[in-house]
Amino acid sequence: MKEQLENQGLLLVVDQFEELYTLCLEDNKRQRFLDLLLNVFKEARQKRDLDFTLVITLRADFYSYTLTYRPFVDALQHNIAFPGLVKYNNWNKTVHLLL
1 MKEQLENQGL LLVVDQFEEL YTLCLEDNKR QRFLDLLLNV FKEARQKRDL
51 DFTLVITLRA DFYSYTLTYR PFVDALQHNI AFPGLVKYNN WNKTVHLLL
């Protein structure tokens, strides 16, 4: 798969990220998942052999939940965009604007 992705990049979209907080009630499991996600992103950026973009959608009423784990807060701090309400047929346009 790596050979296929070279010079192309990878866009990973995680929709309804709030489910992490509603379905996973154990802090240690949630933090482990976030650590794995952050490590993949960090390694891709350090190696620079893969253009990796992560897009997470999260309902506004769950923003405060992201503040419960400092490493995730640090990652979001300078890498967040609020596109506002996006209609289904405008997602492609919105993602291109964010990239």
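Position 95, counted from 1, in the sequence shown is what UniProt numbering calls 95; the numbers after and before it change by one each time, with no gaps.
Positions of the beta carbon are idealized from the N, C-alpha and C atoms, including for glycine.
Rounded C-alpha distance that separates residue i from residue j
| i | j | result |
| --- | --- | --- |
| Asp-51 | Lys-42 | 11 Å |
| Leu-34 | Asn-28 | 10 Å |
| Val-40 | Leu-25 | 23 Å |
| Arg-48 | His-78 | 19 Å |
| Arg-32 | Glu-19 | 15 Å |
| Ser-64 | Leu-23 | 16 Å |
| Thr-53 | Gln-46 | 13 Å |
| Asp-15 | Gln-8 | 22 Å |
| Ala-44 | Ala-60 | 28 Å |
Option nearest residue i by Cα separation, candidates the options
| i | options | result |
| --- | --- | --- |
| residue 103 | Arg-30, Glu-18, Arg-45, Leu-23 | Past the boundaries of the shown model lies residue 103; the chain is included only from 1 to 99, so the question cannot be answered. |
Rounded Cβ spacing between residue i and residue j (contact assumed at less than 8 Å)
| i | j | result |
| --- | --- | --- |
| Leu-10 | Val-55 | With 8 Å as the limit, Leu-10 and Val-55 do not qualify as a contact, their Cβ atoms being about 11 Å apart. |
| Leu-67 | Phe-17 | That belief does not hold up - the Cβ atoms of Leu-67 and Phe-17 are roughly 14 Å apart, past 8 Å. |
8 Å Cβ cutoff met for residue i and residue j
| i | j | result |
| --- | --- | --- |
| residue 122 | Tyr-21 | Here the chain covers residues 1 to 99 and nothing more, so residue 122 does not appear. |
| Ala-75 | Leu-38 | yes |
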